[in-house]
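Undergrad: Chains as they are written, first to last, in my numbering: chain A, 1 to 254; chain B, 1001 to 1156.
Dropping a structure here in structure tokens format, bear with me for questions.
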Amino acid sequence: MLDTVNPLFEFLLRQGDNTLILGHRTSEWCGVGPALEEDIALANTALDLIGQTQLWLDYAAEVEGKGRSTNDLAFLRDAYAFRNILMLEVPNEDFGRTLMRQFLFDAFQVPWLTLLQDSTDQRVSDIAVKSLKEALYHLERSRGTVISLGDGTEESNRRMQQALSFLWPYSGEVFCDDEIDYAMAKVKVAPLPSEIRSIWLETVEGAFNLAYLIKPEGDFAHSGGRAGVRHTEHLGHMLATMQVLQRSYPGAKW
Amino acid sequence: MVVYCDTNTKQIWDWLDTIPDPEIPVISIVDLGVVRDVDIERGAVKVTITPTYSGCPAMGVIAMDIDTELAKHGIKNLELKTQISPAWTTDWLSEKGRSRLERYGIAPPQAAGGPSRCPRCRSEKVEKISQFGSTACKAQWRCKECLEPFDYFKCI
């Protein structure tokens, strides 16, 4: 695999695609949030994620060096060229599942970006420092909301438990080290993702206890998104919406 | 064409200080700490800016406003650079900016993580409504004394 791909490019796509796909999913709430404050919070979170995407994909485009722009990477790649984890592309379903997913992701992103600050790659380190400030803020909100909804009414607890049960088998993919991760760890651009699983577990288990939610059994993880070998059927539908403008009017600007 | 001596970046800073932030027009982009550096090199003016939040939609407008304002003063040779490191922090808000924010009804950022008082009635009895607000850099709070909701400039 490493003979045919540039591991740094792949690594950067994974970072940027995670924030892009979650950013777009989150933006789907714009205008239809359950309350005005939540609608605004979701839109702001999406905005931060898309901003971070720009930083990652700007660098990815430079590293690739094939003349593709940041926008080309975001809007002109097909599903199998995306490197995001599957958890981020599944549909929002309801507000509870959206926030549960955000929490599972934020709980990973905070320790991950914290370690990326020490990357030997200065640009990766700079992006991590900038993104971490926003991720910390996101985690504060997503953790708080998961706890409030879990420890809320019977209905809200039931739906949060349902969301957790659905998302749990998707939450492990991010920790499955592969050749790209080994290559990045070797040159100290990034740590191995598996190294932060215990920190992540501590964060999520702590919140589940306060939220009266039961952590599902099992460590099985749906995977394939990070490597680009398998995506859910949902990604293509999402891209159809996200990319339609650039596909129909190539190069359109405003 | 105005005459400016090669080292006079002070004048450029003063001009930039007249450019209002597109989303919070009571403070300037200099007050906000978005302008990081001004340099003059062989007749070219170099201005370095940094985004408050990575997705701040105002950056494009800020760049355009800088271009327009400096062109008014005869500066045609402008190089605009965006940098993300060091990452923007609310510590860079000027004192002038902080007091203008409060006068406008936006509580300035506090290290404690919440506003010290209501920007309208000065009561210290305030509570959070939402961690996010009308722009990426603000949160929504409410005064329990005068009952008015108000914006709080998030501390990051």
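Built from N, CA and C at the ideal position, the CB exists for glycine as well.
Assign residue 133(A) to one of three DSSP states: helix, strand, or coil.
TA: Of the three classes helix, strand and coil, the one that applies to residue 133(A) here is helix, per DSSP.
Undergrad: Could you tell me how far apart the beta carbons of residue 135(A) and residue 181(A) are, in whole angstroms, since I believe they sit closer than 8 Å?
TA: With a Cβ gap of about 20 Å, residue 135(A) and residue 181(A) do not count as contacting.
Undergrad: Quick one: which chain A residues come within Cβ less than 8 Å of residue 1033(B)?
TA: Near residue 1033(B) there are no residues of chain A at all, since even the closest Cβ is about 14 Å away, more than 8 Å.
Undergrad: In whole angstroms, what separates the C-alpha of residue 1151(B) from that of residue 228(A)?
TA: One C-alpha to the other measures close to 43 Å.
Undergrad: Where do the N-terminal and C-terminal ends of the beta strand (DSSP E) with residue 1138(B) fall, by residue?
TA: From DSSP, the beta strand (DSSP E) with residue 1138(B) extends over 1138-1143.
Undergrad: Output the residue ranges of the alpha helix (DSSP H) runs that lie fully inside the region 1030-1081 of chain B and measure 4 residues or longer, sorted by chain position.
TA: 1059-1072, all fully within the region 1030-1081 of chain B.
Undergrad: Quick one: Cα of residue 132(A) to Cα of residue 113(A), how far?
TA: The alpha-carbon atoms of residue 132(A) and residue 113(A) are separated by roughly 6 Å.
Undergrad: Could you give the distance in angstroms between the alpha-carbon of residue 233(A) and the alpha-carbon of residue 1081(B)?
TA: Roughly 41 Å between the two C-alpha positions.
Undergrad: Shorter than 8 Å from the beta carbon of residue 129(A) to some beta carbon of chain B?
TA: Output row for residue 129(A): interface = yes.
Undergrad: Report, in whole angstroms, the separation of the C-beta atoms of residue 30(A) and residue 39(A), which I expect to be a contact under 8 Å.
TA: Indeed, because the Cβ distance is near 7 Å, the residues count as touching under 8 Å.
Undergrad: For residue 1156(B), would you say it is in contact with chain A, using Cβ-to-Cβ distances shorter than 8 Å as the test?
TA: Cβ-Cβ to chain A under 8 Å: yes for residue 1156(B).
Undergrad: Looking only at its own chain, which residues have a Cβ that is under 6 Å from the Cβ of residue 1039(B), when we skip the five neighbours before and after it?
TA: Closer than 6 Å at Cβ, skipping near neighbours: 1046.
Undergrad: Could I get the ranges of all uninterrupted alpha helix (DSSP H) runs contained in the region 74-149 of chain A, with 4 residues as the minimum, in chain order?
TA: The region 74-149 of chain A contains these whole alpha helix (DSSP H) runs: 95-116.
Undergrad: Secondary structure at residue 1115(B), three-state DSSP: helix, strand or coil?
TA: DSSP places residue 1115(B) in coil when its eight states are reduced to three.
Undergrad: When you compare the CB of residue 102(A) with every CB in chain B, is at least one pair closer than 8 Å?
TA: Taking Cβ atoms only, chain B never reaches closer than 8 Å to residue 102(A), which makes this a no.
Undergrad: Terminal residues of the continuous beta strand (DSSP E) containing residue 1128(B)?
TA: Note, residue 1128(B): beta strand (DSSP E), 1126-1130.
Undergrad: Is the CB of residue 134(A) under 8 Å away from at least one CB in chain B?
TA: So, interface residue.
Undergrad: By Cβ distance, which residues of its chain are closer than 7 Å to residue 23(A), with the 5 residues on each side in sequence left out?
TA: These residues qualify, in order along the chain: 46, 49, 50, 53.
Undergrad: State yes or no: is the C-beta of residue 6(A) within less than 8 Å of the C-beta of residue 64(A)?
TA: Cβ distance < 8 Å, so residue 6(A) and residue 64(A) count as in contact.
Undergrad: On a Cα-Cα basis, can you pick out the residue from 160(A), 128(A), 161(A) that is closest to residue 190(A)?
TA: Minimum Cα distance to residue 190(A) is reached at 128(A).
Undergrad: Which chain B residues are close to residue 2(A), counting only those with a beta carbon under 8 Å from its beta carbon?
TA: In chain order: nothing, as chain B lies at least about 29 Å away.
Undergrad: Who are the near neighbours of residue 1056(B) in its chain, counting only those whose CB is closer than 7 Å to its CB and skipping five residues on each side?
TA: The residues are 1136.
Undergrad: Looking at C-alpha atoms only, which residue of 1029(B), 1096(B), 1011(B) is the closest neighbour of residue 1088(B)?
TA: The shortest C-alpha separation from residue 1088(B) is found at 1029(B).
Undergrad: Between the region 82-90 of chain A and the region 160-170 of chain A, do three or more beta carbon pairs fall short of 8 Å?
TA: Because the criterion of three Cβ pairs below 8 Å is met, the region 82-90 of chain A and the region 160-170 of chain A touch.
Undergrad: Roughly how many angstroms separate the alpha carbons of residue 193(A) and residue 26(A), rounded to a whole number?
TA: Roughly 24 Å separates the two Cα atoms.
Undergrad: For a quick check, are the C-beta atoms of residue 1061(B) and residue 1022(B) less than 8 Å apart?
TA: It is a contact, given that the beta carbons lie within the stated cut-off.
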